[in-house]
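Participant:
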Amino acid sequence: MNWFRPSLLWFLTLPLVLPAPAPAQPPPPKTAPPPKVQPPQNNADAAKVFDDALHKLEQIQTGWVAADVRQQGTLQGLSFQAEGKYLSGPDHRMHLDLQVRLADMSGRLVDICDGATMWETMQFGSGEPVVTRKVDMKRVLATLDAPGINSQVRTEYFLEEPFTGLVPLFQSIRRQMVFTRREEHVAWKGHDTTRLTAVWSPPATKDLPPNDPEQFVPWPRGCRLYLDSVTLWPYRLEWWGPEAGHPADTVLLQMDFLNPTIYPKQDAAPSQFANAFTFHPGPGEVPDKTEDTIAHIKARSKELAGQKSGSTP
Numbered sequence: 344m345n346w347f348r349p350s351l352l353w354f355l356t357l358p359l360v361l362p363a364p365a366p367a368q369p370p371p372p373k374t375a376p377p378p379k380v381q382p383p384q385n386n387a388d389a390a391k392v393f394d395d396a397l398h399k400l401e402q403i404q405t406g407w408v409a410a411d412v413r414q415q416g417t418l419q420g421l422s423f424q425a426e427g428k429y430l431s432g433p434d435h436r437m438h439l440d441l442q443v444r445l446a447d448m449s450g451r452l453v454d455i456c457d458g459a460t461m462w463e464t465m466q467f468g469s470g471e472p473v474v475t476r477k478v479d480m481k482r483v484l485a486t487l488d489a490p491g492i493n494s495q496v497r498t499e500y501f502l503e504e505p506f507t508g509l510v511p512l513f514q515s516i517r518r519q520m521v522f523t524r525r526e527e528h529v530a531w532k533g534h535d536t537t538r539l540t541a542v543w544s545p546p547a548t549k550d551l552p553p554n555d556p557e558q559f560v561p562w563p564r565g566c567r568l569y570l571d572s573v574t575l576w577p578y579r580l581e582w583w584g585p586e587a588g589h590p591a592d593t594v595l596l597q598m599d600f601l602n603p604t605i606y607p608k609q610d611a612a613p614s615q616f617a618n619a620f621t622f623h624p625g626p627g628e629v630p631d632k633t634e635d636t637i638a639h640i641k642a643r644s645k646e647l648a649g650q651k652s653g654s655t656p
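Written as structure tokens, this is what we have:
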């Protein structure tokens, strides 16, 4: 499942501290099918709140947005944190600057998109920043939306590459998940919030990997959202699932979007946005990962189709 790249933090920390995943083992012999599980019941009120929040985000993205970002999670017993700044502008412009920490190690990741091309720079410790890739996001998004591409691939992409923007991530959640619970007036870090719980829809569940907490990158079973009770701003998104040694679901990854400042599109770009979406890669050659990403999307979609039909891709 980690064939795009893991979430931002996993991508930074795994090469430093984790061994390579063990070779794939042959599948276990077939056993009797598990008992039938009842499909999740959609909570119409929760779904409406999410739809309203998504609609507001879609309106907001036509203007300028600044927010503080935090991520935290645990992977194979290792805790990692990241924090920084998220800026977005009209026409899919985006700037993300994160400082990442794992024990006594640190790194920095910067993603910049001018609306067409996303550039990524990474820095480990006190080393020099390195431009690691560029991606033609218009082509990638067009491929994800193309006929014949399994919709689960889109969900995987935005789970593992969440900072292509809040709106694509939330759109993917809406397509693939069922909202089962709504809780009002939940206190969260001094904010009055509405908490929504969602799990994978039955069609999406068919394409998910088995719930194996020992796998290299645990796959979430569901999520929780904390939305401002008035503005519906998403303060926190939590992904829940099993982790090695913990059969019960736990928080695998939490993503916080704090202190949002929103400017309408008709306003001139505030000073902090003046050069935020411009990137100068320098004279060195930058790996163009567009074709690789598109090839992975198509291959993964074919793999899922083969799994569904019982054939081997």
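The sequence shown begins at 344 in the numbering used here and counts up by one. Glycine residues also receive a C-beta, built at the ideal position from the N, C-alpha and C atoms.
1) What does the alpha-carbon distance come out to for the pair Gln384 and Lys399?
2) Would Trp583 pass as a contact of Leu595 if the rule is Cβ separation under 8 Å?
3) Assign Glu499 to buried or exposed, taking buried as 16 or more other Cβ atoms, counted over all protein chains shown, within 10 Å of its Cβ.
4) Excluding sequence positions up to five away, which residues of its chain have a Cβ less than 6 Å from the Cβ of Asp335?
5) On the DSSP bridge list, what partners appear for Val412?
6) Does the contact criterion of 3 or more C-beta pairs under 8 Å hold for the region 534-553 versus the region 426-439?
7) Judging by CA-CA distance, which residue of Asp592, Ser431, Val629 and Leu484 is the nearest neighbour of Val474?
8) Are Gln404 and Ser431 closer than 8 Å when you measure CB to CB?
9) Is Arg476 closer than 8 Å to Gln466 when the C-beta atoms are compared?
10) Taking a contact to mean a Cβ-Cβ separation below 8 Å, would you say Thr461 touches Val478 in this structure?
11) For a quick check, are the C-beta atoms of Trp407 and Ala612 less than 8 Å apart?
12) Does the beta-carbon of Thr574 have 16 or more other beta-carbons within 10 angstroms, so that it is buried, or is it exposed?
13) Who pairs with Ala459 in a beta bridge, going by DSSP?
14) Based on Cα-Cα distance, which residue from Thr537, Gly533 and Val496 lies nearest to Lys645?
15) Can you tell me whether Thr523 is helix, strand or coil according to DSSP?
16) Assuming Leu599 contacts Tyr578 (C-beta within less than 8 Å), just tell me the rounded distance between them.
17) Return the chain-ordered list of same chain residues with a C-beta closer than 7 Å to the C-beta of Val521, the five sequence neighbours on each side being excluded.
18) Roughly how many angstroms lie between the CA atoms of Asp457 and Thr621, to the nearest whole one?
19) By DSSP, does Gln442 sit in helix, in strand, or in coil?
Facilitator: The relevant details are as follows:
1) If you number the sequence shown from 1, residue 384 lands on position 41. If you number the sequence shown from 1, residue 399 lands on position 56. Cα to Cα, Gln384 sits roughly 25 Å from Lys399.
2) Numbered from its first residue, the sequence shown carries residue 583 at position 240. Numbered from its first residue, the sequence shown carries residue 595 at position 252. Contact flag set, yes.
3) Indexing the sequence shown from 1 puts residue 499 at position 156. By the neighbour-count rule (16 or more Cβ atoms within 10 Å), Glu499 is buried.
4) Limits of the chain in this structure are 344 at one end and 656 at the other, which puts residue 335 out of reach.
5) Numbered from 1 along the sequence shown, position 69 holds the residue referred to as residue 412. Answer is Gly427 and Phe600.
6) no
7) Along the sequence shown, read from residue 1 onward, the residue named residue 474 stands at position 131. Checked all of Asp592, Ser431, Val629 and Leu484; the closest Cα to Val474 is Val629.
8) By 1-based counting over the sequence shown, the position of residue 404 is 61. By 1-based counting over the sequence shown, the position of residue 431 is 88. Taking 8 Å as the Cβ cut-off, Gln404 and Ser431 qualify as a contacting pair.
9) Stepping through the sequence shown from its first residue, residue 466 is reached at position 123. Stepping through the sequence shown from its first residue, residue 476 is reached at position 133. It is not a contact, given that the beta carbons lie outside the stated cut-off.
10) Taking the sequence shown and counting its residues from 1, one reaches residue 461 at position 118. Taking the sequence shown and counting its residues from 1, one reaches residue 478 at position 135. Rather than Thr, the amino acid found at residue 461 in this sequence is Met. Yes, these two residues count as a Cβ contact at 8 Å.
11) Indexing the sequence shown from 1 puts residue 407 at position 64. Indexing the sequence shown from 1 puts residue 612 at position 269. Contact: yes.
12) In the sequence shown, residue 574 corresponds to position 231, counting from 1. It is exposed - the Cβ of Thr574 has fewer than 16 other Cβ atoms within 10 Å.
13) Counted from its first residue, the sequence shown places residue 459 at position 116. Note: Ala459 sits in no beta bridge, so no partner.
14) Position 302 of the sequence shown holds residue 645. With distances taken between Cα atoms, Lys645 lies closest to Val496.
15) By one-based count along the sequence shown, residue 523 stands at place 180. DSSP places Thr523 in strand when its eight states are reduced to three.
16) Residue mapping note: residue 599 aligns to position 256 of the sequence shown, counting from 1. Residue mapping note: residue 578 aligns to position 235 of the sequence shown, counting from 1. First, the amino acid is wrong: residue 599 is Asp here, not Leu. Indeed they touch by this definition, with Cβ atoms about 6 Å apart.
17) Within the sequence shown, numbered from 1, the residue matching residue 521 stands at position 178. So the list reads Pro383, Asn385, Ala541, Val542 and Ser544, once near-sequence residues are dropped.
18) Within the sequence shown, the letter at position 114 stands for residue 457. Within the sequence shown, the letter at position 278 stands for residue 621. The alpha-carbon atoms of Asp457 and Thr621 are separated by roughly 6 Å.
19) Taking the sequence shown and counting its residues from 1, the one referred to as residue 442 is at position 99. In the structure shown, Gln442 sits in a strand (DSSP, three-state: E or B).
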